[in-house]
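Written below as structure tokens is the structure these notes are about.
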Amino acid sequence: MSEETKILLLEREIPTHWYNVQADLPRPLPPVIHPGTKQPIGPQDLAPIFPQALILQEVSRERWIPIPEEVRRVYALWRPTPLYRAHRLEKALDTPAHIYYKYEGVSPPGSHKPNTAVAQAYYNKQEGVRRLTTETGAGQWGSALAFACRLFGLECKVYMVKVSYFQKPYRRVMMETWGAKVVPSPSPDTNAGRSILAKDPENPGSLGIAISEAVEDAATHEDTKYSLGSVLNHVLLHQTVIGEEARLQMEKAGEYPDIVVGCIGGGSNFAGIALPFVRDRLQGRTRTRFIAVEPEACPSVTRGVYAYDFGDTAGMTPLLKMHTLGHTFMPPRIHAGGLRYHGMAPIISLLAEEKVVEAVAVHQNPTFEAAVTFARAEGIIPAPESAHAIRVVIDEALKAREAGERRVILFNLSGHGHFDMQAYDEYLSGRLQDYAYPREAVEQAMALLPKV
Ligand SMILES: *Cc1c(COP(=O)(O)O)cnc(C)c1O
Numbered sequence: 003m004s005e006e007t008k009i010l011l012l013e014r015e016i017p018t019h020w021y022n023v024q025a026d027l028p029r030p031l032p033p034v035i036h037p038g039t040k041q042p043i044g045p046q047d048l049a050p051i052f053p054q055a056l057i058l059q060e061v062s063r064e065r066w067i068p069i070p071e072e073v074r075r076v077y078a079l080w081r082p083t084p085l086y087r088a089h090r091l092e093k094a095l096d097t098p099a100h101i102y103y104k105y106e107g108v109s110p111p112g113s114h115k116p117n118t119a120v121a122q123a124y125y126n127k128q129e130g131v132r133r134l135t136t137e138t139g140a141g142q143w144g145s146a147l148a149f150a151c152r153l154f155g156l157e158c159k160v161y162m163v164k165v166s167y168f169q170k171p172y173r174r175v176m177m178e179t180w181g182a183k184v185v186p187s188p189s190p191d192t193n194a195g196r197s198i199l200a201k202d203p204e205n206p207g208s209l210g211i212a213i214s215e216a217v218e219d220a221a222t223h224e225d226t227k228y229s230l231g232s233v234l235n236h237v238l239l240h241q242t243v244i245g246e247e248a249r250l251q252m253e254k255a256g257e258y259p260d261i262v263v264g265c266i267g268g269g270s271n272f273a274g275i276a277l278p279f280v281r282d283r284l285q286g287r288t289r290t291r292f293i294a295v296e297p298e299a300c301p302s303v304t305r306g307v308y309a310y311d312f313g314d315t316a317g318m319t320p321l322l323k324m325h326t327l328g329h330t331f332m333p334p335r336i337h338a339g340g341l342r343y344h345g346m347a348p349i350i351s352l353l354a355e356e357k358v359v360e361a362v363a364v365h366q367n368p369t370f371e372a373a374v375t376f377a378r379a380e381g382i383i384p385a386p387e388s389a390h391a392i393r394v395v396i397d398e399a400l401k402a403r404e405a406g407e408r409r410v411i412l413f414n415l416s417g418h419g420h421f422d423m424q425a426y427d428e429y430l431s432g433r434l435q436d437y438a439y440p441r442e443a444v445e446q447a448m449a450l451l452p453k454v
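Numbering of the sequence shown is given in this note's numbering, commencing with residue 3 and proceeding in unit increments.
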């Protein structure tokens with residue numbers, strides 16, 4: 003390590019280890035099941051698409067996993083991220099609550115996602131992989147991986163859902179600026195894409211189709227692996243750098259959270275801020291509440307079931323035991339607020355089943371109202387995803403006011419909303435509609451769950 007880097011890392015207090023909650027869970031995670039044999043899968047089943055180091059992290063029960071020096075050096079570009087006390091928001095709400103937020107929007111791609119993208123690119127590079135593939139919807143994950151691949155000299159191919167490719171060009175341009183190759187999915191580059199295009203040349207694409215293409219690409223190229231941006235255990239592990247930093251920062255502020263809040267799409271940023279504090283609760287030291295916030299339009303935990311399901315829409319991936327709306331879930335078009343994945347991270351699902359994590363669903367108009375309140379008080383314009391957390395933080399702060407209690411609330415501001423001005427515009431001009439995913443749709447989808 004150069005003298006310069008040593009000083010940089012020392013001064014900036016970047017954690018040396020990720021925290022693996024699998025060491026402390028009240029019961030072990032149910033095994034991942036092979037979609038064909040219906041038997042638990044082994045490491046060799048995943049070897050064609052993931053590097054060995056990440057497969058081992060996926061099943062590890064070691065409490066502490068060292069963050070490689072090269073990864074910390076890249077983290078130092080934007081970590082530690084700031085922890086702010088939201089004094090102005092507290093004042094605007096006239097609440098006795100103390101509100102703290104960890105701001106992950108300072109990373110080059112603008113969200114928490116590079117915390118895992120950088121780690122994944124590093125381990126792939128270590129094992130001689132030359133090229134990574136992935137899918138992206140609106141482009142947040144694709145841009146994080148494009149950035150990470152550039153830093154480690156890997157090629158990056160992103161299958162971007164076709165409607166987003168044409169409707170949201172700026173994230174694509176960001177990925178291309180970092181040197182990634184981005185194609186609209188379904189694409190003519192894979193069997194999965196070609197067969198869909200043959201039937202329907204105008205197919206708008208979906209996350210499920212894009213996953214099928216990215217996985218096929220990785221499985222059929224010797225020098226290529228696949229990378230996933232949420233849900234899996236190793237992704238949540240890498241995100242714990244957020245909460246480990248927050249613990250140190252809260253300690254300096256002389257406070258400990260009574261409530262920790264985060265939004266959930268696949269569960270990774272919420273896990274990142276929450277799990278290091280969940281450790282204290284699981285080990286019996288604290289009684290902190292953990293609130294995971296999801297949209298009413300995609301209520302995986304509040305209205306889904308805890309069952310084995312596919313990770314993708316096409317039904318090609320291994321089966322995970324998780325809260326799911328069914329892999330046939332189609333996100334409603336009118337929903338502007340992100341967080342549209344049908345499933346949930348198995349770790350978060352288990353903690354919700356064990357009543358360690360509470361889940362709440364919120365509508366998009368109140369969510370954007372909270373986003374605007376926050377932006378006007380604190381200055382930062384939050385990503386619509388992060389605004390779901392802010393809605394519940396404001397509600398909890400108002401409850402604290404009613405109760406006349408000083409509660410300490412910590413939340414993760416997972417990203418900035420600079421590429422989401424169209425959604426803000428729709429809200430500000432009164433064109434945003436609330437939508438609750440119908441219960442009957444969940445019941446119908448349950449009939450199509452794989453039998454295990
Ligand atoms: C992708 C994303 C999310 C949702 O993903 P999780 O895995 O649940 O964290 C939330 N916020 C931002 C800013 C995102 O980019």
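No residue lacks a Cβ here, since even glycine has one placed at the ideal position from N, Cα and C.
Asked	Found
Taking the continuous beta strand (DSSP E) assigned at V262, which residues delimit it?	261 to 265
Find the nearest neighbour of D397 within the set I383, F376, I244, P386, judged by alpha-carbon distance.	F376
For A391, I'd like the list of residues in its chain whose CB is within less than 7 Å of its CB, leaving aside the five on either flank, ordered along the chain.	V263, G264, C265, V295, F413, N414
Return helix, strand or coil for I9, following the three-state DSSP convention.	Note on I9: pLDDT 49, under 50, position unreliable in the model; the coordinate value appears next. Of the three classes helix, strand and coil, the one that applies to I9 here is helix, per DSSP.
Taking the CB atoms as reference points, tell me whether A363 and E298 lie closer together than 8 Å.	yes
Judging by CA-CA distance, which residue of T226, K104, Y161, H365 is the nearest neighbour of I213?	Y161
Let me know the secondary structure DSSP gives A363 once reduced to three states.	strand
Can you name the residues that DSSP bridges to D311?	L322
With distances taken between CB atoms, is the gap from G328 to L451 smaller than 8 Å?	yes
Output the distance between the C-alpha atoms of V280 and G274, rounded to the nearest integer angstrom.	11 Å
Anyone know if the C-beta pair for A194 and I211 falls short of 8 Å?	yes
Using the rule of at least 16 other Cβ atoms within 10 Å of the residue's Cβ for burial, across every protein chain shown, is Y172 buried or exposed?	exposed
Can at least three beta-carbon pairs, one atom from the stretch 226 to 239 and one from the stretch 164 to 183, be found at a separation below 8 Å?	no
Would you mind reading off the limits of the beta strand (DSSP E) that contains H420?	Here H420 belongs to no beta strand (DSSP E), and DSSP marks it neither H nor E.
Suppose contacts are defined by Cβ-Cβ distances below 8 Å. Is P98 in contact with R441 by that definition?	no
Suppose only complete runs of 4+ residues qualify. What are the alpha helix (DSSP H) ranges in the stretch 280 to 306, listed by chain order?	302 to 305
Is any heavy atom of ligand 1 found at a distance shorter than 7 Å from the C-beta of A248?	no
Examine the Cβ distances between the stretch 51 to 58 and the stretch 84 to 100 and report whether three or more of them are shorter than 8 Å.	no
Near M176, what residues of its chain come up, given a Cβ to Cβ distance below 6 Å and the 5 sequence neighbours on each side ignored?	S145
V243 and N117 - do their beta-carbons sit closer together than 8 Å?	yes
For I9, count neighbouring Cβ atoms within 10 angstroms of its own Cβ and tell me buried if that reaches 16, exposed if not.	With a pLDDT of only 49 at I9, under the threshold of 50, the placement of this residue in the model should not be trusted, and no figure is reported.
Do you know how far the Cα of L434 is from the Cα of T222?	43 Å
For P334, which residues in the same chain have their Cβ closer than 6 Å to its Cβ, ignoring the five residues on either side in sequence?	A299, Y437
Where do the N-terminal and C-terminal ends of the alpha helix (DSSP H) with R409 fall, by residue?	Unbroken run through R409: none, as it is neither H nor E.
Can L250 and S270 be called in contact, C-beta distance under 8 Å?	no
Can you confirm whether the stretch 301 to 310 touches the stretch 380 to 387 when touching is taken to mean that 3 or more C-beta pairs between the two stretches lie within less than 8 Å?	no
Can you list, in chain order, the residues of its chain with a C-beta nearer than 6 Å to that of V108? Leave out the 5 residues immediately preceding and following it.	W80, T83
Is it the case that the CB of E15 approaches a heavy atom of ligand 1 more closely than 7 Å?	no
Mind listing, in chain order, the continuous beta strand (DSSP E) runs of no fewer than 3 residues lying wholly within the stretch 45 to 95?	66 to 68, 85 to 87
Identify whether H390 lies in helix, strand or coil by the three-state DSSP scheme.	helix
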